[in-house]
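Please read the structure below before turning to the comments.
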Amino acid sequence: MAPNGPSVWSRTGNRQSSIGTGVYAFERRNSGMKLREATRDDGEAIRRIARDSMEASYSLSPRAIESAITEWYDTDGIATKIDEPDALLLVAEDEGEIRGFSESDLVTDGGNGDLLWLHVDPAYRGEGIGTELFEATREALFDMGASQLRAKVIEDNAEGNDFYEDFDFEMVDTDEVEIDDETYVENIYMKAGTAAADSEPDIAEGPVTTPDGQEMYVNEEEVERGSKGPFFTSYTQPDFGEEHKYGYFCANCETLDNAMDTMGRVKCNDCGNLRKATRWDATYG
1 MAPNGPSVWS
11 RTGNRQSSIG
21 TGVYAFERRN
31 SGMKLREATR
41 DDGEAIRRIA
51 RDSMEASYSL
61 SPRAIESAIT
71 EWYDTDGIAT
81 KIDEPDALLL
91 VAEDEGEIRG
101 FSESDLVTDG
111 GNGDLLWLHV
121 DPAYRGEGIG
131 TELFEATREA
141 LFDMGASQLR
151 AKVIEDNAEG
161 NDFYEDFDFE
171 MVDTDEVEID
181 DETYVENIYM
191 KAGTAAADSE
201 PDIAEGPVTT
211 PDGQEMYVNE
221 EEVERGSKGP
231 FFTSYTQPDF
241 GEEHKYGYFC
251 ANCETLDNAM
261 DTMGRVKCND
271 CGNLRKATRW
281 DATYG
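Residue numbers (the UniProt record's numbering): 1 to 285.
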């Protein structure tokens, strides 16, 4: 790594962690550009870029886009993302102006790091900003404890799928997501990192029984970060077919009767564990 390169503040151990050599090249190629963690003062710029990026990348109604921006990036939402120890919000800044940002989560220590969103101002796409944000996010998540990186992209978003494939990510699964009253297929990409997965999620093995006596099967590979512990997708059959999806298993209190609302929120009915709505898919930048 080149000396004097940019760095991000790692919330694990309260130490400063280098982002990596790609950022140094990024600085040289784009004079004055730097990557850093977001602050509350960046809120308006983050909302503007997210809105412009969505409008450029999706054929969604203005109402749907504005609803998502309000849900995910209002003042309180950004403050929460900044304060949460397992969340990471990075911005690319050029002479005081924000040109793009990434949002990601550490789902489980030694497990998944989720890249939730990557947005670049459409006026500045094609300058390598998205690539450098991606590389910085990936390295920061590994430093925080992730052993592999996961990303989800709407199937119809050809540029978004190409973006991850260019980094040798492999499509490992598909899912469905409802956006603006329409159902879309999303592709799930994963790639192993360099850290050893030295801890496993504490979930039940084999079928789990619901309060009314039904047997459900928990998929360890489908995990989402919650405020008190991870959520795992549960199914009525062990083949984990989409048509057999039941709900979510809360690892904090080991209960099953939990469902996601139309904006992506999951709240455990027993312990209050909360998975907030954060994304539809990562947007190519």
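Quick reminder that beta carbons are idealized off the backbone N, C-alpha and C, glycines included.
Nothing here was measured: the structure is a model prediction, and the numbers come from that model.
TODO: Could you check how far apart the C-beta atoms of A38 and I82 are, in whole angstroms? I think they sit under 8 Å.
DONE: 6 Å
Open item on the list: Can you look up D198 in the DSSP assignment and give me helix, strand or coil?
Closed with: With a pLDDT of 38 at D198, under the threshold of 50, the predicted position of this residue should be treated as unreliable, though the coordinate-derived value follows. It is coil, neither helix nor strand.
Open item on the list: My parser needs the alpha helix (DSSP H) runs of 4 or more residues fully inside the stretch 33-60; what are they?
Closed with: List check, alpha helix (DSSP H) in window: 43-57.
Task: Where the alpha helix (DSSP H) through K81 begins and ends - done: 75-83
Open item on the list: I'd like the list of long-range same chain contacts for T183, defined as Cβ closer than 8 Å, with 5 residues on each side in sequence excluded.
Closed with: E176, V177
Task: Buried or exposed by the 16-neighbour rule on C-beta atoms within 10 Å, applied to T209 - done: exposed
Open item on the list: What residue range does the alpha helix (DSSP H) around G130 cover?
Closed with: In the DSSP assignment, G130 falls within the unbroken alpha helix (DSSP H) covering 129-144.
TODO: Would you check if there are 3 or more beta carbon pairs closer than 8 Å linking the stretch 130-142 to the stretch 208-224?
DONE: no
- [ ] Ignore the nearest five residues each way along the sequence and tell me which others in R47's own chain have a CB closer than 6 Å to its CB.
- [x] I69, Y73
Open item on the list: Do D121 and I49 count as a contact pair if the criterion is CB distance below 8 Å?
Closed with: In this structure, I49 places its C-beta atom within 8 Å of the C-beta atom of D121.
Open item on the list: Considering only the alpha carbon of each residue, which of I65, N157, T255, Y217 lies closest to D239?
Closed with: Y217
Open item on the list: Going by DSSP in three states, E71 sits in which element: helix, strand or coil?
Closed with: The answer is helix: DSSP assigns E71 an H, G or I state.
Open item on the list: Quick check on the burial criterion: 16 or more other C-beta atoms within 10 angstroms. Buried or exposed for I230?
Closed with: Looking at the sequence itself, residue 230 is Pro, so the reference to Ile does not match. Counting of Cβ neighbours within 10 angstroms places P230 among the buried residues, the total reaching 16 or more.
- [ ] Answer with buried or exposed for R138, where buried requires no fewer than 16 other C-beta atoms within 10 angstroms of its C-beta.
- [x] buried
Task: Boundaries (first-last residue) of the alpha helix (DSSP H) holding Y164 - done: 158-165
Open item on the list: Rounded to whole angstroms, what is the Cα-Cα separation between W117 and E103?
Closed with: 5 Å
TODO: Would you tell me roughly how many angstroms separate the C-alpha atoms of D181 and I154, rounded to the nearest one?
DONE: 15 Å
Task: Buried versus exposed call for E170 [16 or more other C-beta atoms within 10 Å across all chains shown] - done: Exposure of E170 is indicated by the presence of fewer than 16 other C-beta atoms within 10 angstroms of its C-beta.
- [ ] Since I believe L115 is in contact with A151 (beta carbons under 8 Å), could you give me their beta-carbon distance rounded to a whole number of angstroms?
- [x] 5 Å
Open item on the list: Suppose the cutoff is 8 Å on Cβ atoms and the five residues either side in sequence are ignored; what does the same chain contact list for A204 look like?
Closed with: Only weak support exists for where A204 lies, its pLDDT of 45 falling under 50; the coordinates are left without a value.
- [ ] Pull up the distance between the alpha-carbon of A92 and that of G128, whole angstroms please.
- [x] C-alpha separation (whole angstroms): 11 Å.
Task: Through-space distance from E55 to Q237, alpha-carbon basis - done: Within the model, the alpha-carbon separation for Q237 versus E55 is close to 39 Å.
TODO: Can you have a look at D156 and say buried or exposed, based on whether 16 or more other CB atoms are within 10 angstroms of its CB?
DONE: Answer is exposed; the Cβ neighbour count stays below 16.
Open item on the list: By alpha-carbon positions, which one of G43, L256, L60, E165 ends up nearest to K191?
Closed with: E165
TODO: Give me the Cα-Cα distance between G126 and D270, rounded to the nearest whole angstrom.
DONE: 47 Å
Task: Rounded C-alpha distance that separates S234 from E97 - done: 44 Å
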